[in-house]
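The opening residue of the sequence shown carries number 0 in numbering that gives the first Met the number 0; numbering runs sequentially from there.
For every residue, glycine included, the Cβ atom is placed at its ideal position computed from N, Cα and C.
Here the structure is a predicted model, which means the values were calculated and not measured.
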Amino acid sequence: MPVTLSWQQIALRMACAFFAGGLIGVNRDGKGRPAGMRTTVLVCLAACVAMLQANLLMNSTGKTPNSFVVLDLMRLPLGILTGIGFIGAGAILRRGDTVLGVTTAATLWMATVMGLCFGGGQLLLGGAAAALTLVTLSGLKWLEHRMDQQHRGKLTVTFNGYIFSEDRLRHQLRAGALHIHSWSVLAAPEAQETTVECELRWQHPSRDPFPPDIVPELQRSSGVTQVNWQG
Numbered sequence: 000m001p002v003t004l005s006w007q008q009i010a011l012r013m014a015c016a017f018f019a020g021g022l023i024g025v026n027r028d029g030k031g032r033p034a035g036m037r038t039t040v041l042v043c044l045a046a047c048v049a050m051l052q053a054n055l056l057m058n059s060t061g062k063t064p065n066s067f068v069v070l071d072l073m074r075l076p077l078g079i080l081t082g083i084g085f086i087g088a089g090a091i092l093r094r095g096d097t098v099l100g101v102t103t104a105a106t107l108w109m110a111t112v113m114g115l116c117f118g119g120g121q122l123l124l125g126g127a128a129a130a131l132t133l134v135t136l137s138g139l140k141w142l143e144h145r146m147d148q149q150h151r152g153k154l155t156v157t158f159n160g161y162i163f164s165e166d167r168l169r170h171q172l173r174a175g176a177l178h179i180h181s182w183s184v185l186a187a188p189e190a191q192e193t194t195v196e197c198e199l200r201w202q203h204p205s206r207d208p209f210p211p212d213i214v215p216e217l218q219r220s221s222g223v224t225q226v227n228w229q230g
């Protein structure tokens, strides 16, 4: 970083941070994420201004003979990186077994680092980071959606033991490419009914929870009186 900064250099760095944060924010806004354009612009600009302030303070005199204070300029950007963790944590939500907002938190962290780059005068590095961030958020999502994802669900089937059987149920589940993770049986001989509760896992490119094809197939099976599915 140059020790002396002109106002033109300061304006250029802040403009780069503003536009880079805005580009990332447009991507987030278009997908309806909680941290949109204004958030990423503000985060990127805040990091840029902090780095500019550290750069401008480089001309300050050091420790005086009677002073116990040592001026450590790098603590300012490090404090910014630490503080952004609180904002990122606020963007992460947990709903049951699903965790949402991790990508948004990582985007805010990246916007902060980009701002530090622009504020420190590494314009090419900050621009490359912005370009790679856009590729990651847009391009890799296309690839991610085409990769098999593991899904889980709980299936409860009640059936007449004289018409339907556990072996038949196991066969139908395995034929549907479903992996049986757990299996429990509750028999009611007086009612001639058996209830099987099992946890299933399977692979599918879709990220949306949905019941596998086995559920309507079981509902149509002879001897099955009740089928419950919990995704």
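Shown here for residue 22: same chain residues with a beta carbon closer than 7 Å to its own, the five before and five after excluded, namely 129, 133 in chain order.
Separation of residue 4 and residue 54 (C-alpha to C-alpha, rounded to the nearest whole angstrom) is 8 Å. Runs of the beta strand (DSSP E) lying entirely within the region 150-222, each at least 3 residues long, are 178-187, 192-203 in chain order. Partner residues in a beta bridge of residue 112, as assigned by DSSP, do not exist.
Residues 153 of the same chain have their beta carbon placed closer than 6 Å to that of residue 229, with the five preceding and five following residues left out of the count.
Following the DSSP letters along the chain, one finds residue 50 inside the alpha helix (DSSP H) bounded by residues 36-55.
Under DSSP, residue 225 forms a beta bridge with 157. In the displayed model, residue 125 falls within a helix according to three-state DSSP. As the crow flies, the alpha-carbon of residue 221 is around 16 Å from that of residue 227. Counting the other Cβ atoms within 10 Å of the Cβ of residue 162 gives fewer than 16, which makes it exposed. The shortest CA-to-CA distance from residue 43 to any of 164, 203, 18 is the one to 18. The residues 159, 160, 161, in chain order, have a CB closer than 8 Å to that of residue 191 in the same chain once the five nearest residues on each side in sequence are set aside.
Cβ atoms of residue 115 and residue 83 stay farther apart than 8 Å, at about 10 Å. For residue 91, there is no enclosing alpha helix (DSSP H), as DSSP marks it with neither H nor E.
Closest in alpha carbon position to residue 105, among 185, 225, 135, 41, is 135.
Around the CB of residue 150, 16 or more other CB atoms lie within 10 Å, so the residue is classed as buried.
Look at residue 131 here: in three-state DSSP terms it is helix.
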